[in-house]
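Listed in order, the protein sequences are those of chains A and B.
If you use the numbering used here, the first sequence corresponds to residues 1 to 898, in order.
If you use the numbering used here, the second sequence corresponds to residues 899 to 1326, in order.
Where a beta carbon is used, it is the ideal one built from N, C-alpha and C, also for glycine.
On a predicted model such as this, the values are computed, not experimentally measured, just so you know.
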Amino acid sequence: MPHHRRTLATSILSMFGLVVLAVCMPTQPPNRLPAAEEATRILEFKTKVEPFLTTYCADCHFQGKNKGNTQLDGLLSGDIATKDTAQLWQNVLDVITEGTMPPRGKPRAAAAQTQAFVERVNKDLAEAAKVFAGSNKPVLRRLNKREYENSIEELFGFRPNIGTRFPDDGLYQRFDTVGSALFMSDYQLDRYLEIAQEIVSQALPDAMPKSEKQTYPGDSLRYYPGFSYGDMPREPVSFYKSQLERYEALSKIKGGLEGQAAGLKKPTPPTREMLDQYAWLMKNHLPWEKQESGATIYMPLGRGRQYAGLTFPTKVPVAGYYRITIEAGSTSPTPWDKDVNALAVVFPRNSEIGKQQPDPNILFTSTVEGDVQQPERIIIPSLYLSPETTRSGLTITRAVRLEQINQSSGENTEKLILVGRQPRPMKTLSEVYRGLYIRSVTVEGPIVYRNAMDQLFPGGMPSQYSKTAAAQALQRFMSKALRRPVTIAEAEGYLKNFKIAGRDSFMAGMRDAVALVISSPDFVYQAVERRSDGKPARLSPHELATRLSFFLWNQTPDDRLLALADNGTLTKPDVLRSEVERLLNDPRHQRFVASFTTAWLELGRLDEVAVDSTERFPQFSGGMKDLLKRETIEFIRTVLDEDLSLLNIVESDWMILNQRLAQFYGIDGVTGPELRKVKLTPEQRRQRGGIITQGSILTMTSNGTRTTPVVRGGWIMKAILGATPPPPPPNVKPLEDQGARDISKMTIRQLLEEHRRIPACAACHQKIDSYGLAFENYDAIGRWRTMEQDYREVAKGVAGVKRSVYKWVDVGPVEASGTLYSGEKFQTPQEVRQIILRQREAVARNFLRNLLTYALGRATDIADQPTIDQLQGVMTREGYKIKPAIQALVASEAFLTK
Amino acid sequence: MFIHPITRRAMLREGASVLALPFLPSLLPAAEEKKAAAIPKRFLMVHFAYGVTYQDWHPVDSGPNWTMSRSLKPFAEVRDQMTVFRGVSLVRGITSGTNGHGMAHDFGTVAHRAKGSIDQVVAASDEFGPKTRFSSLTCAAAAMQDHSNLSYSLNHTPIPVIPSPVALYQKLFVAEKVGAAVITERLARKQSMLDVLNERVKSLGQKLNAEDRNKLDEYLVSIRSLEEQIAKDRYWMNAPLPKTDVKKPEAEADMPSPRKTLNLFTSLIRAAFQTDQTRVISYAFANQSFINSEGQRVGYHTYTHHQGNKVQMEELALQDILRNEALADLLRELRATKERDGSCLLDHTLVLYGSSCENANVHQAIRLPLLTFGMKSRFQHGSCHGYEFGQHGLADVAQTLFHGMGINSPKYADSTPGKGVPMPEILA
């Protein structure tokens, strides 16, 4: 089996017609080859490696010089005793085979000499990797928030109501499944105890509650004014006061009003006319109205969030999970808006939980597809409510960030008030407001979940309320909850404070014990029992069931997995194989797809980009980020479920679309909100195909206003090809300080050329930029373009009198053709995708490395090369399908050992 | 995010202050002792995200006679109580933090090179956290988003913030309306639950190897820490909450300006220190949006990517000034508050103020905007110190501040190794 070190490296080597030698050797301790081979190794090292280092690297990286934080003297010993040394060698190989080192302008070795160097080092690294193999073990891993919630659902039937009570899980790179980064703290433990007690009070009540159903018609709803961050049309007097305060604060600072800040004119008091306008607006624009046996709440088309809504007088009798059905519709005229038109159910601000936060407690959000004539039934299957939290009822509001909505007029009422201009005559509410219509709300519950009762007392309540009965019941529950056989003695450990005097105290004791079990380290960590001598060992069947279930379902094992572990058959290869198949066929594998894809492709970065959807990109309206993320996740799910080649991520003849996405991408003939696979025409394929051309990726690799080819290029190298670009060197001055010409007027390409003129930047950016620039046909939110545009002020405003006018201005045609740093020429982005496709082994390898990190819950390094080599072999043989790779991963030594 | 592997030894060292010191109420000063005791030291850490318009911020020269820069003018009247740092990077010798902008978490933990944030190391120290009702208070202008908590526990878990002045007021000055019996019962019940879990940790530990046990220690430390809180709660439940001259704050301002958001907290921060309810507070500006001079609401993040646009840079400079005005308001209040010996609160309070980013437009975390104020008996203020890139990182500043405050802390994050204090020039 060929040992590819890094496929990026080898693919470049093979471009030069080189062949990496196959290394097939039995496992050896480090540097203890058979005598003859060891002699060859030493000879080759002395003649091929040492001179190379001393000739081409010493100037910058020897004898205390550590340019780029890299010092290489240590490599001269030839020993690869530690993983750090191996990693350093790997880095050296990478930069040499990629041609980044020695830097331009410094002497370089002849091709044959480089080849000899690379071959020898590769051989040594392959040997070293075998020795290190198996040395990586995941450290004790706490369940992350998602795994905890899913596991509670498996045990009790309902999801815990955590809200924002857990601190954020720690990440390793972007993975939330890595034990070393998942910490425990007193806050976390306190929340475990608190939430556990809420769970048991639901699951193990003294008496199962009676479920009731109550419908509130629309006309029983009350208007809830909510509050806003100044997004409602501002009351002119208080707005004037706040502006005056700001003005006075700034006036005190000498020089504060010079130059560009001259726009800060002293504000003038509101005129009679402005006050009248405001009064008129308030009077004539009812925030809500009764309508068609329901009620409609209107929101002005402004920016920011606000929570005015309709409150319905629900007061639940007991705390518990309730099913809520809302009949709702949107008054928006276009389907686009309907998608935007989302609702949220919240506790009003003056209730128990809401008052702690500036925002009310959002319990649920949903988009609204229905309209006033045909409202949609929106069902919240299970929502935790209590008498305290519903003291002031529940409120339904518009949940969207309203910044996105105003697409048609380009102006909004808020701004008109702000600058004191004549508001345009407004004839109807729907011209300026979008309405959310509610016909009725039905509350059903509390829902009775018997899962835990049945687990504890499968034959009904015990005849005697004894400690023995309690221990036996708890033992049954713990065997499921702790994913392994549990002794009666261990169960008794949880009943230390147990005092029985009849049924009530028995149940109270059971509640305490179960709450402790699900807060215990045995539950909140995925522990594996270690050998006392520290040597690696096979996972026990129960440990395997656990690792497998958390890998593919993100939850504690179900009854079937535990049964197969109990009878010991899970470790049989055919049984394990069919279980992997079963888990992947179950809808719960979607959790794996979503969380793995999010970590691997770094989709969280999309949240970090603020897209200017008010002015520049009104298309990027409410919920668009989530929709784009769903598109990418659904794409990966389709590749997995339909046994397609992984290489579809680089180039595909299909996309995942719904109506809104299709409109966004300019593709006709897709209607309805559900995502589906759509075949692309050859014409469409010029623009779209694979994930690099998806809005999610293209947006998160821009800065929200214009494209950033450096970031795009860096992402492609890292997430697709698995080559992490190095961080920028120290002390690089910002471009604006480098005496560059007026950079605000340049095209991106000109900016980057300016950038590459700076020698410190050039070396790496030649490479990174070339991938990014190849996708300049996509704008900052991923729309296709052939003309680069900039959003500029075309008419200067006068503060307090006239607003500046901004427009998209053509800067110059997009240069679609170019040359990659490797020398390959291309005319279109589609050709670039074809070039990337040639590096299929690098694509597969990077995917597998990420998959391994996710599955094992630990960082991967050079010691994992043999495992990745093996999985890569399987993937290549199986046409790059993902399922065979997952099967091979689960069957690998790395997965089966601890 | 890169987190250095932590050895068990290091873990124990970091957790030592927690593990080795089971909380004893006897450590707490009784009322009469309190009068005789020295005036306590306090620490306040304030962070703002997205850097500054650095051209206006950094003084052009160094030394005691540095020329006042435009953005620092609000501090002119406390100049002799202030130290200006120019040239300290977030991480020594590295140009950026864990992500482009340098958020609060980057500052608190020095780009996650440390497990516990700077304020929490202070809070864990004998003379700070253990002595007061609240070991520390972590506040923010609004619920922080996207992993941007400023404070991290010694176990490297983000500490939830107190998101509003109303919530802070409740915590400091409004007593729970249940009887002592209910609280006693609740604490006893919690203690007995922790007893059971304590046993479970021990029994699980026996099945693990050293590395896993090291990880499991986090759980054990968490139990200890909750037990300390129980002991503390038992002690303090009998002590009435102090009275304050501060009025219950109104709901949040309609339009958050940096000055307004901090000003709402200012008196409460002062009162918390003054009544010795806590000695450690962290505060994070949210910097989510502001109203520019055209009356438009603009996103702070988008705006910081100004691409050299002079108008935007100027608007941001004004925000810097407003924010500095806000801090100056707080400093003035600390200075106006007298201790019983006639000294002022600022004389006993060290304030660390800065951002984890210098220039958000290009995501640089070199030359951080960084200032310290107060506690003049320990710190030599009045100068601007200029450093070369690679000379000092934020960890060096933290390490030196610990030293100055009399906190015996092992090497913090990646602070310069070797004996002595990394930056003795700032000490008195």
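Pair within 8 Å by beta-carbon distance, residue i and residue j
i	j	result
A/Asp190	B/Arg1098	no
B/Ser1275	B/Asp1239	no
A/Val316	A/Leu204	no
A/Gly690	A/Asn658	no
A/His61	A/Thr70	yes
A/Lys572	A/Leu603	no
A/Pro541	A/Ala565	yes
A/Pro160	A/Ser185	no
A/Ile96	A/Thr114	yes
A/Glu529	B/Lys1105	yes
A/Ile518	A/Gly509	no
A/Leu570	A/Glu581	no
Cβ-based burial, residue i [other Cβ within 10 Å; buried from 16]
i	result
A/Met208	exposed
A/Ala888	buried
A/Leu837	exposed
B/Trp964	buried
B/Asp1004	buried
A/Glu289	exposed
B/Ala1326	exposed
Min CB distance residue i to chain A below 8 Å
i	result
B/His945	no
B/Lys1327	There is no way to answer for residue 1327 of chain B, as the model of chain B reaches only from 899 to 1326.
B/Asn1096	no
B/Ile1179	no
B/Ile1305	no
C-beta neighbour in chain B for residue i, strict 8 Å
i	result
A/Ser386	no
A/Glu273	no
A/Ala719	no
A/Arg705	Going by the sequence as given, residue 705 of chain A is Thr instead of Arg. It does; some Cβ of chain B falls within 8 Å.
A/Met507	no
A/Phe183	yes
A/Asp186	yes
A/Arg484	no
A/Tyr494	yes
A/Asp522	yes
A/Ala780	no
A/Ser519	yes
A/Leu140	yes
Simplified DSSP state of residue i, which is helix, strand or coil
i	result
B/Phe941	strand
A/Phe506	helix
B/Trp964	coil
A/Arg902	No answer is possible for residue 902 of chain A: the residues shown for chain A start at 1 and end at 898.
B/Arg1031	coil
B/Ile1057	coil
B/Cys1037	strand
B/Cys1255	coil
B/Phe1271	strand
B/Glu1237	coil
A/Ser35	A small fix is needed here, since residue 35 of chain A is Ala in this sequence, not Ser. Helix at A/Ala35.
A/Ser463	coil
Kindly confirm or deny that the region 476-495 of chain A and the region 1070-1077 of chain B touch, where touching means at least three C-beta pairs closer than 8 Å. No: the two stretches stay apart, fewer than three of their Cβ pairs being nearer than 8 Å.
Do the region 845-859 of chain A and the region 805-819 of chain A meet, that is, are 3 or more Cβ pairs less than 8 Å apart? Contact annotation: the region 845-859 of chain A does not touch the region 805-819 of chain A, with fewer than three C-beta pairs closer than 8 Å.
Across the region 965-972 of chain B and the region 1219-1235 of chain B, are there enough close Cβ pairs to call them in contact, namely three or more that are closer than 8 Å? Result yes; three or more Cβ-Cβ pairs closer than 8 Å.
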